[in-house]
Amino acid sequence: MDWHAGFGTDRGDHVHEGWQTSDGGYIGIGQTEESHGRYSNLLVVKTDSNANQEWIKEMGTRKRWDFGICVREAKDGFIIGGGIYNPLTGKQERGLAKLDFHGRTIWQKTYPGAGAGAVRGIDIDKYGNVIATGYVNASREGYIFIVEKGVGFIMKTDPDGNLTWDKSLSTPQGTKVRIEKNGGFAIASTKW
174 MDWHAGFGTD RGDHVHEGWQ TSDGGYIGIG QTEESHGRYS NLLVVKTDSN ANQEWIKEMG
234 TRKRWDFGIC VREAKDGFII GGGIYNPLTG KQERGLAKLD FHGRTIWQKT YPGAGAGAVR
294 GIDIDKYGNV IATGYVNASR EGYIFIVEKG VGFIMKTDPD GNLTWDKSLS TPQGTKVRIE
354 KNGGFAIAST KW
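Numbering (our numbering), first residue to last: 174 to 365.
Dropping the structure here:
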């Protein structure tokens, strides 16, 4: 082991995905408990190649569920996905955000659907478009490891997060997605 380090808050953090970045550092995404109560905020941590923290970002609405599940590096920053509270609908929805290389928010969007929803996997094509998969129609909010009664989806946005198309899957969730060389998509999921 070259190094072992911990980052984040002192409020019960969880990392759901991490990647090595093009600068040799690392980025992790997950959630942290709110200071008071049972809810969570989305948490992103970026380090350099020697495990020195470069920045930490916490996003969320007080007394609401916000959490991150996936992250990918774009040409000009990072695309993150998870469950984000939408004050217009009053519920947790599938959400994407773009951060610059310093952790500043460029844009943040939610995509309404029945029940609670979240993005669980993303990939980025050569034009900067985002392909995302996850679930809607969950009966409860908050991070769910396996969504048993949800409806899976795959959707595409432009580089600014504007929805291009959105399709249902025949599974309760889409977990991860990769763009194939032939232009199709490979989706990992759970099916009972």
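Where is the CB? At the ideal position from N, CA and C, for every residue including glycine.
Cβ neighbours of residue i in the same chain (closer than 7 Å, five flanking residues each side left out)
| i | result |
| --- | --- |
| T262 | P285 |
| W122 | The requested residue 122 is not part of the displayed model; the chain covers only 174 to 365. |
| V309 | R267, G286, A287, G288, G290, G323, V324, F326 |
| W238 | Y212, S213, G256, Y258, Q265, E314, G315 |
| A178 | A224 |
| I297 | R245, A247, I252, V303 |
| T278 | A270, L272 |
Burial state of residue i, where buried means 16 or more other Cβ atoms lie within 10 Å
| i | result |
| --- | --- |
| S148 | The displayed coordinates of the chain run from 174 to 365. Any statement about residue 148 would go beyond what the structure contains. |
| A287 | exposed |
| Y300 | exposed |
| S362 | buried |
| E353 | exposed |
| G210 | exposed |
| Q346 | buried |
| D186 | buried |
| M174 | exposed |
| K236 | exposed |
Residue i - DSSP class collapsed to helix/strand/coil
| i | result |
| --- | --- |
| I317 | coil |
| Q346 | coil |
| F180 | coil |
| D186 | coil |
| L272 | strand |
| E227 | strand |
| K264 | strand |
| A289 | strand |
| T330 | strand |
Contact belief for residue i with residue j at Cβ below 8 Å, rounded distance in angstroms
| i | j | result |
| --- | --- | --- |
| G241 | D221 | No, G241 and D221 are not in contact; Cβ-Cβ is about 20 Å, not under 8 Å. |
| Q204 | Y316 | 6 Å |
| L373 | I360 | In the structure as shown, the chain starts at 174 and stops at 365, and residue 373 therefore has no counterpart that could be examined. |
| K349 | R293 | 7 Å |
| I304 | K329 | 5 Å |
| N355 | D331 | With a Cβ gap of about 22 Å, N355 and D331 do not count as contacting. |
Cβ-based neighbour list, residue i, same chain, cut-off 6 Å, excluding 5 preceding and 5 following
| i | result |
| --- | --- |
| W228 | K219, G276 |
| V188 | G201, G203 |
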